[in-house]
Amino acid sequence: MSDKVSDTLTDDRPDTSPTTDSPPAPDSGDTLRIPKTLIRKLFWVVVAIAIVAAIVWIIVDARSQLSSARNENTAAAQVTADEQRAEKVAADYAKSASDLDFTKSADWPAKLSVNTTDVLTQRFRQVATDMQQIFVPIKWQSHGSVIDSHVVNQSKGVYTVYTTVNLIQTSSQFTDGRSTITVYKIDVDRNQDWKISNVGVPPGVSDMFAKPDGGR
1 MSDKVSDTLT
11 DDRPDTSPTT
21 DSPPAPDSGD
31 TLRIPKTLIR
41 KLFWVVVAIA
51 IVAAIVWIIV
61 DARSQLSSAR
71 NENTAAAQVT
81 ADEQRAEKVA
91 ADYAKSASDL
101 DFTKSADWPA
111 KLSVNTTDVL
121 TQRFRQVATD
131 MQQIFVPIKW
141 QSHGSVIDSH
151 VVNQSKGVYT
161 VYTTVNLIQT
171 SSQFTDGRST
181 ITVYKIDVDR
191 NQDWKISNVG
201 VPPGVSDMFA
211 KPDGGR
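Residue numbers for the sequence shown follow the UniProt record's numbering, beginning at 1 and rising by one.
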């Protein structure tokens, strides 16, 4: 009887031995499959986007370079225009200051100080008085022709211009006339409405007919 009881107890115990069964394999019907045609379409979409992006970048970069070039050209044109204006102002002054007639010496102060700053105007009026005392007695007459006028320097809106004039003069000493080349060093100030702030001669140039240095 004891054997039967033992068998019964043994049979009623739960089976605790480890299982070796593997988990069920997934149903092959659940795997996500992308059609090859869709993959090709996606590839060409990506390529097209990349091409469009590259074209847009090229256009934007080209426009930027064009704008920069236009700005540089505008700035260069402005510099050229300013230089040409300074050269003309200097040439006009040199012409006026060179055309002197002893019979119209009363006009000399105005001719020597045309378009000059207030400080220079006062100085040249005194210069004109001194010239009258020297040139009227010898019956001075002169006429100038501008040969060249060009900017040699620009600093803070002040243009230094060298203006070359062919000066033909007659007097009681040179009744047949005399021709000399006179070079003026003229400062034209853009900041003062393009007025002349200084007149003299370039360094190393000596000419008895050049006007003495003015001052700002």
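Glycine included, every Cβ here is placed at the ideal spot set by N, Cα and C.
In whole angstroms, what is the alpha-carbon distance linking residue i and residue j?
i, j, result
"N166", "V60", "55 Å"
"S142", "R63", "58 Å"
"S179", "K156", "37 Å"
"I181", "V136", "22 Å"
"K41", "A48", "10 Å"
"K95", "I196", "14 Å"
"D92", "L66", "39 Å"
"A81", "D118", "26 Å"
"E83", "V46", "55 Å"
"T175", "Q154", "41 Å"
"R85", "M131", "29 Å"
"A90", "W194", "10 Å"
"Q192", "N198", "12 Å"
"D187", "V158", "6 Å"
"S171", "G177", "7 Å"
"G200", "Y184", "6 Å"
"I168", "K139", "14 Å"
In the structure shown, what three-state DSSP assignment does residue i receive?
i, result
"N198", "strand"
"T80", "helix"
"T160", "strand"
"N166", "strand"
"D148", "strand"
"D107", "helix"
"D101", "strand"
"S142", "strand"
"residue 248", "The first residue shown for the chain is 1 and the last is 216, placing residue 248 beyond what the model contains."
"Q65", "helix"
"S96", "helix"
"T37", "helix"
"F174", "coil"
Short of 8 Å in beta carbon distance, which residues of its chain neighbour residue i, apart from the five on each side in sequence? Order them along the chain.
i, result
"R125", "P109, L112, S113"
"D148", "Y162, T163, T164"
Only counting the same chain, and skipping five residues up and downstream in sequence, which positions put a Cβ closer than 7 Å to that of residue i?
i, result
"D101", "Q141"
For residue i, which residues in the same chain have their Cβ closer than 6 Å to its Cβ, ignoring the five residues on either side in sequence?
i, result
"V152", "T160, Y162"
I need the boundaries of the alpha helix (DSSP H) containing residue i, first residue and last residue.
i, result
"residue 222", "Residue numbering for the chain in the displayed model covers 1 to 216; residue 222 lies beyond these limits and cannot be assessed."
Using DSSP's beta-bridge definition, name the partner residues of residue i.
i, result
"L112", "In the DSSP output, where bridge partners are listed per residue, L112 has none listed."
"S155", "V158"
Beta strand (DSSP E) containing residue i: first to last residue?
i, result
"R178", "178 to 189"
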